[in-house]
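K.L.:
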Amino acid sequence: MPSGRGPAGADVLRVLLLAHNDRPCNPSGVTHRYGRMCAALGIESHLHALRHYSATERFGSMRPGWARPTVRPRSYSPGACSDPGGGTDVSSAEVTPTRYLFEEVSLHAEQIVPRFDPVETLPEDAARLARMQWRIPVGPVNDLIGWIEPAGCVVIEEDFDTARVDGLSQWVGDHPVVLLNRSSPTDRKRLTLAHELAHLCLHSVEVTEDMEAEANRFAAEFLMPAEMIRPQLRNLTLGRLYDLKREWGVSMQALIERAYSLKVMTPTQRTSLYKRFSSMGWRTREPISDELPQEHPRLARHIGGVLVEKGLTADEIARIAGYAETEVHPFQPAAPRLRTV
1 MPSGRGPAGA DVLRVLLLAH NDRPCNPSGV THRYGRMCAA LGIESHLHAL
51 RHYSATERFG SMRPGWARPT VRPRSYSPGA CSDPGGGTDV SSAEVTPTRY
101 LFEEVSLHAE QIVPRFDPVE TLPEDAARLA RMQWRIPVGP VNDLIGWIEP
151 AGCVVIEEDF DTARVDGLSQ WVGDHPVVLL NRSSPTDRKR LTLAHELAHL
201 CLHSVEVTED MEAEANRFAA EFLMPAEMIR PQLRNLTLGR LYDLKREWGV
251 SMQALIERAY SLKVMTPTQR TSLYKRFSSM GWRTREPISD ELPQEHPRLA
301 RHIGGVLVEK GLTADEIARI AGYAETEVHP FQPAAPRLRT V
């Protein structure tokens, strides 16, 4: 989505702005809480500055006047961030507090987020290869977050205080991070998450002119593999869309677009369905979205619990993650369960 500055493809926001097409989001539209978290995790919180650059390069040269993020990848000695319970001086200038969070993420990762050259690999092929690498069964992807987090990707839900931004993603050193707008319905969150996964897989280094289109193609194939869903998309009706939405966990409009891109729906049929959607107010809020199984991140809270076991207090974890001590945050350890005696 070009922002109107620089050559096409070189100045593109890494945000999914489905609600308002290509209108860029005002950076003041995000909360101070969100900005603090981004700064602590090493993610650029000025939305106009979110480019498809390597995060390692981006964070090494922050603009003057911007708060330098806590994470500064590749500038620390290998042993600088050892176990906090092992006596390491965590106040050393060579230690970044959030390094502890990402070290624990790496230790608990069962897979990796694969990276592909977008020039040599089609988005659909990348999606299929990612599914194969993670051994995702054929058909719908149940619990998408449950597949992404074991690959070492930190997924965080936050209220962006705007419906115009669905999500964003960046590599923080060797660690992928995705932020999702908590207020989005489940079907939209899943599409956003697959879209951001595409950017992590395809655009961590290479900048292409059609990155958003490539991410959409990746997300469509990842969530709705052509070989499996094509026969189900013929002769779509509203009733059939209801059933397919429940089965595949994606919006009816995503199903319509998938049918159209796979050439099992004509332009006339597509227009007719969208007119019916508009007349019923479904273009902005579809039915049965609240009936889909909700998916929530679990890795961040688990990492918080591990850090507690290693001797950090809840207040220290909050400060590491960029939150005030009194705030509820994703890395907040679960309250201990009471046991009957």
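Under the UniProt record's numbering, the residue at position 65 of the sequence shown is numbered 65, and the numbers go up by one with no gaps. Each residue gets a CB set at the ideal place from its N, CA and C atoms; glycine is no exception. Nothing here was measured: the structure is a model prediction, and the numbers come from that model.
Output the residue ranges of the beta strand (DSSP E) runs that lie fully inside the stretch 112-193 and measure 3 residues or longer, sorted by chain position.
P.N.:
154-158, 167-172 and 175-181
K.L.:
Let's test the definition: count the other Cβ atoms within 10 Å of the Cβ of residue 107 and tell me whether it reaches 16, buried, or not, exposed.
P.N.:
exposed
K.L.:
Does DSSP put residue 330 in a helix, a strand or coil?
P.N.:
coil
K.L.:
So residue 267 is in the alpha helix (DSSP H); what residue range does that whole segment cover?
P.N.:
267-279
K.L.:
Give every residue of the same chain whose Cβ lies closer than 6 Å to the Cβ of residue 102, excluding the five residues on either side of it in the sequence, and list them in chain order.
P.N.:
175
K.L.:
Give a yes or no on whether the C-beta atoms belonging to residue 162 and residue 142 are separated by under 9 Å.
P.N.:
In this structure, residue 142 does not lie closer than 9 Å to residue 162 by Cβ.
K.L.:
Nearest by alpha-carbon distance to residue 251: which of 303, 117 and 223 is it?
P.N.:
With respect to the C-alpha of residue 251, the residue from 303, 117 and 223 having the closest C-alpha is 223.
K.L.:
Just tell me which of 316, 168 and 255 has its CA closest to the CA of residue 233.
P.N.:
When each option's Cα is compared against that of residue 233, the closest is 255.
K.L.:
Taking C-alpha atoms, which residue in 244, 185, 290 and 226 lies nearest to residue 356?
P.N.:
Lying before the first or after the last residue shown, residue 356 is absent from the chain, which here runs from 1 to 341.
K.L.:
Which residue's Cα is closest to the Cα of residue 122: 218, 166 and 306?
P.N.:
Nearest neighbour of residue 122 by Cα position, chosen from 218, 166 and 306, turns out to be 218.
K.L.:
On the three-state DSSP scale, how would you describe residue 303?
P.N.:
Residue state, collapsed to three classes: helix.
K.L.:
For the alpha helix (DSSP H) that residue 232 lies in, which residues bound it at each end?
P.N.:
Neither: residue 232 is in no alpha helix (DSSP H) and is coded neither H nor E.
K.L.:
Determine the direct distance from the alpha carbon of residue 188 to that of residue 104, and round the result to whole angstroms.
P.N.:
Approximately 29 Å, taken between the alpha carbons.
K.L.:
If residue 179 and residue 156 are in contact, beta carbons under 8 Å, what's the gap, nearest whole angstrom?
P.N.:
5 Å
K.L.:
List the endpoints of the continuous alpha helix (DSSP H) containing residue 311.
P.N.:
It is not in any alpha helix (DSSP H) - residue 311 carries neither H nor E in the DSSP assignment.
K.L.:
Decide yes or no for the touch test of the stretch 198-211 against the stretch 115-135: beta carbon pairs closer than 8 Å, at least 3 of them.
P.N.:
yes
K.L.:
Check the C-beta distance from residue 154 over to residue 307 and give it rounded, since I have them as a contact under 8 Å.
P.N.:
That pair is no contact at about 14 Å.
K.L.:
Out of 185, 212, 110 and 158, which one is the CA nearest neighbour of residue 197?
P.N.:
Nearest to residue 197 by alpha-carbon distance, out of 185, 212, 110 and 158, is 212.
K.L.:
Just to confirm before moving on: does the CB-CB distance between residue 152 and residue 109 stay below 9 Å?
P.N.:
yes
K.L.:
Hey, would you say residue 139 sits closer than 9 Å to residue 228, going by beta carbons?
P.N.:
yes
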